[in-house]
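With the working numbering applied, the sequence shown closes on residue 485, and no number is skipped along the way.
Just so you know, even glycine gets a beta-carbon here, dropped at the ideal spot from N, CA and C.
Since this is a predicted model, take the numbers as computed values, not measurements.
A quick write-up on the structure given underneath.
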Amino acid sequence: MAAGSVGELRRQALEAIDAAMDLEAVQAARTTWLGRKGPIVDALRSIKDRPPEERRDLGLELNRLRDELEAILSEREGSLEEENLRRRLVDERVDVTLPGRPRAIGGPHPLRMAEAELVRVLRKIGFSIVEGPEVESEYLNFEALNIPEDHPAREMQDTFYLRDLPGLLLRTHTSPVQVRAMRASAPNPLRVICPGRVYRRDDDVTHSPVFHQIEGLAVGEGIGMHHLKATLYEFARQLFGADVPLRLRPSYFPFTEPSTELDVGCPFCHGQGCRVCKGSGWIEVLGSGMVHPHVLREGGYDPERFTGFAFGLGIERTAMLRYGIDDVRLLYLGDLRFLTQFQGSEA
Ligand code: PHE
């Protein structure tokens, strides 16, 4: 390299760096001018071919030039990086003052709330939960519960039979789970509740073809009517309040003997008589009774040794009583104006 050409090298390098408008171009200029194959390294390498008296000054000049370019490049890179960052902060700015997108928050359905409350109270009394299938055998739904083929109770509980699966139907009540639970536990004592969906050929203001029940069953040695009454009264008081008027009235079910129904004083008119209680001042909440020996036998218990009581109630009915709902269909229509009234009223 001829003396004085370091100045020329410098001029060219400064011009190239000046022309580099963005970070990539500046980095490319760095590779070109300061890289291992660049002209400065090249020139430094060829110093040894120079006459000895030139070597020192040429080396000094080249090193100075390298340091100068290095400083200029770093400076340019730094400011371009900063500028890039600034631009991104502007381009990608998030306006934290914009209102958020509202999310609709759901809540439990009043039917579910009533079910949860029933289950809570009954578990506290000592019952545990079991479940049975909604598609049930005709046998467990009827025969095992002492309702033979020609029994009039079958007509009151007409249901949906499965055309291609003879012997199966959509259960008309949760009582078949009684037999299932007994068969799973006999000869041990048991105390279970069975919540679930049931089906009947009914459809009017107070009846839906699909509705929900909870069955209760206790089987053991020495269980009597007094246990039935005490349990149901405790249950009703927990559910409807300690002061609610209660009455246990004789009734009839094929699978219990004797059979009883529990009435509560009408919460709408406080016993005065109104449309809801049809003027009687009382509302029926559940069917119950001492488990019929036929049913105990079907469940695998010796009715000479074991006795038990059972009860069954509609969850819709309970929800209507608890929340003052006068049309069962409101529970199925999914009308938010109705449903949102219950949010937050119970856990
Ligand atoms: N299974 C009866 C019904 O659906 C209710 C009931 C259950 C009655 C248990 C007595 C004992 O009407």
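Euclidean distance between Cα positions of Gly354 and Arg301: Position 216 of the sequence shown, counting from 1, holds the residue named residue 354. Position 163 of the sequence shown, counting from 1, holds the residue named residue 301. Approximately 31 Å, taken between the alpha carbons.
Reference Tyr371, options Gly417, Leu400, Gly362, closest by Cα: On the sequence shown, residue 371 is found 233 positions in, with the first residue counted as 1. If we check each option's Cα against that of Tyr371, Leu400 comes out closest.
beta-carbon Ala374 near ligand 1 non-hydrogen atom, thresh 8 Å: Mapped onto the sequence shown, residue 374 falls at position 236. Not so, every heavy atom of ligand 1 lies at least 8 Å from the Cβ.
Neighbourhood of Thr170 by C-beta, 8 Å cutoff - its chain only, sequence neighbours within 5 removed: Within the sequence shown, numbered from 1, the residue matching residue 170 stands at position 32. Once the five neighbours on either side are set aside, the close Cβ partners of Thr170 are Ala154, Gly176.
Pick from Arg435, Glu436, Leu377 that is closest to Met251, judged by C-alpha positions: Along the sequence shown, read from residue 1 onward, the residue named residue 251 stands at position 113. Met251 has its Cα closest to that of Leu377, out of Arg435, Glu436, Leu377.
Counted within 10 angstroms of its Cβ, other Cβ atoms place Ala485 as buried (16 or more) or exposed: Counted from its first residue, the sequence shown places residue 485 at position 347. For Ala485, the pLDDT reaches just 46, beneath the cut-off of 50, and the residue's location in the model is therefore unreliable, although a value from the coordinates is still provided. Exposed is the call here.
Through-space distance from Val234 to Leu451, alpha-carbon basis: As a first step, residue 451 is located in the sequence shown; it is residue number 313 there, counting from the start. As a first step, residue 234 is located in the sequence shown; it is residue number 96 there, counting from the start. The alpha-carbon atoms of Leu451 and Val234 are separated by roughly 53 Å.
Three-state class that DSSP yields for Ala158 in the structure shown: Along the sequence shown, one-based indexing puts residue 158 at 20. Correct three-state label for Ala158: coil.
Neighbourhood of Ala163 by C-beta, 8 Å cutoff - its chain only, sequence neighbours within 5 removed: Translated into positions along the sequence shown, residue 163 becomes position 25. Cβ neighbours of Ala163 beyond the five flanking positions: Ala157.
Contact between the segment 442-450 and the segment 345-365 (3+ Cβ pairs under 8 Å): Result yes; three or more Cβ-Cβ pairs closer than 8 Å.
Short Cβ contact (9 Å threshold) for Val317 with Ala291: Stepping through the sequence shown from its first residue, residue 317 is reached at position 179. Stepping through the sequence shown from its first residue, residue 291 is reached at position 153. Cβ atoms of Val317 and Ala291: not closer than 9 Å.
Residue of Pro286, Met294, Leu306 minimising C-alpha distance to Glu274: The residue given as residue 274 occupies position 136 in the sequence shown. That would be Leu306, whose Cα lies nearest to the Cα of Glu274.
Alpha carbon of Pro391 to alpha carbon of Arg338, nearest angstrom: Within the sequence shown, the letter at position 253 stands for residue 391. Within the sequence shown, the letter at position 200 stands for residue 338. For clarity, residue 391 is Phe in the given sequence; the question names Pro instead. Going from the Cα of Phe391 to the Cα of Arg338 covers about 17 Å.
From Ala322, His311, Arg329, residue whose alpha carbon lies closest to that of Val348: Taking the first residue of the sequence shown as position 1, residue 348 is located at position 210. It is His311.
Host alpha helix (DSSP H) of Glu220 (start-end): On the sequence shown, position 82 is the one that residue 220 refers to. Unbroken alpha helix (DSSP H) run through Glu220: 190-229.
Three-state secondary structure assigned by DSSP to Pro431: Translated into the one-based positions of the sequence shown, residue 431 becomes position 293. Three-state DSSP puts Pro431 in a helix.
Sub-9 Å separation of Ser418 and Gly411 beta-carbons: Indexing the sequence shown from 1 puts residue 418 at position 280. Indexing the sequence shown from 1 puts residue 411 at position 273. Taking 9 Å as the Cβ cut-off, Ser418 and Gly411 qualify as a contacting pair.
Which of helix, strand or coil DSSP assigns to Gly145: Translated into the one-based positions of the sequence shown, residue 145 becomes position 7. Three-state result, Gly145: helix.
N-terminal and C-terminal residue of the alpha helix (DSSP H) that Thr297 is part of: Your numbering for residue 297 matches position 159 in the sequence shown. No alpha helix (DSSP H) holds Thr297; DSSP gives it neither H nor E.
beta-carbon Glu436 near ligand 1 non-hydrogen atom, thresh 8 Å: Residue mapping note: residue 436 aligns to position 298 of the sequence shown, counting from 1. No - ligand 1 has no heavy atom lying nearer than 8 Å to the Cβ of Glu436.
Runs of beta strand (DSSP E) lying entirely within the segment 254-307, each at least 3 residues, in chain order: Annotation note: the segment 254-307 contains the following uninterrupted beta strand (DSSP E) runs of length 3 or greater, listed N- to C-terminal: 273-275.
Val382 beta carbon near ligand 1 (any heavy atom closer than 8 Å): On the sequence shown, position 244 is the one that residue 382 refers to. Taken from the Cβ of Val382, every heavy atom of ligand 1 lies 8 Å or farther away.
Residues near Glu422 by beta carbon distance below 6 Å, same chain, minus five either side: Mapped onto the sequence shown, residue 422 falls at position 284. Cβ neighbours of Glu422 beyond the five flanking positions: Glu399, Asp401.
DSSP-derived helix/strand/coil call for Thr456: Taking the first residue of the sequence shown as 1, we reach residue 456 at position 318. Three-state DSSP puts Thr456 in a helix.
Whether His350 touches Arg329 by CB criterion (9 Å): On the sequence shown, position 212 is the one that residue 350 refers to. On the sequence shown, position 191 is the one that residue 329 refers to. No; because the gap between Cβ atoms is not below 9 Å, this pair is not in contact.
Beta strand (DSSP E) runs wholly inside the segment 358-445, at least 3 long, in chain order: 384-391, 394-403, 420-429
Rounded straight-line distance, which links the Cα of Asp473 to that of Ile243: Taking the sequence shown and counting its residues from 1, the one referred to as residue 243 is at position 105. Taking the sequence shown and counting its residues from 1, the one referred to as residue 473 is at position 335. Each residue's Cα considered, the two are about 15 Å apart.
Sub-9 Å separation of Ala324 and Val268 beta-carbons: The residue labelled residue 324 in the question sits at position 186 within the sequence shown. The residue labelled residue 268 in the question sits at position 130 within the sequence shown. With contacts defined as CB atoms closer than 9 Å, Ala324 and Val268 fail to qualify as a contacting pair.
Separation of Glu220 from Arg204, as counted between CA atoms: The sequence position of residue 204 within the sequence shown is 66, counting from 1. The sequence position of residue 220 within the sequence shown is 82, counting from 1. Spanning the alpha carbons of Arg204 and Glu220 requires a straight line of approximately 24 Å.
Val550, DSSP secondary structure in three states: A query on residue 550 cannot be resolved here, the shown segment of the chain reaching from 139 to 485 and no further.
Straight-line Cα distance separating Leu223 from Arg149: As a working note, residue 149 is residue 11 in the sequence shown. As a working note, residue 223 is residue 85 in the sequence shown. Near 31 Å, if we compare the C-alpha coordinates of Leu223 and Arg149.
Close beta carbons around Leu260, own chain, < 7 Å, minus the five adjacent residues each side: As a working mapping, residue 260 is identified with position 122 in the sequence shown. Excluding positions up to five away in sequence, the list reads Ile331, Gly354, Phe373.
For Ala252: DSSP bridge partner residues: Locating residue 252 in the sequence shown gives position 114, where the first residue counts as 1. Bridge partners of Ala252: none, in fact.
Where Leu469 falls, given that 16 or more other Cβ within 10 Å makes a residue buried: On the sequence shown, residue 469 is found 331 positions in, with the first residue counted as 1. With 16 or more other Cβ atoms within 10 Å, it is buried.
Collapsed DSSP secondary structure at Ile352 in the structure displayed: Along the sequence shown, read from residue 1 onward, the residue named residue 352 stands at position 214. Reduced to three states, the DSSP call for Ile352 is strand.
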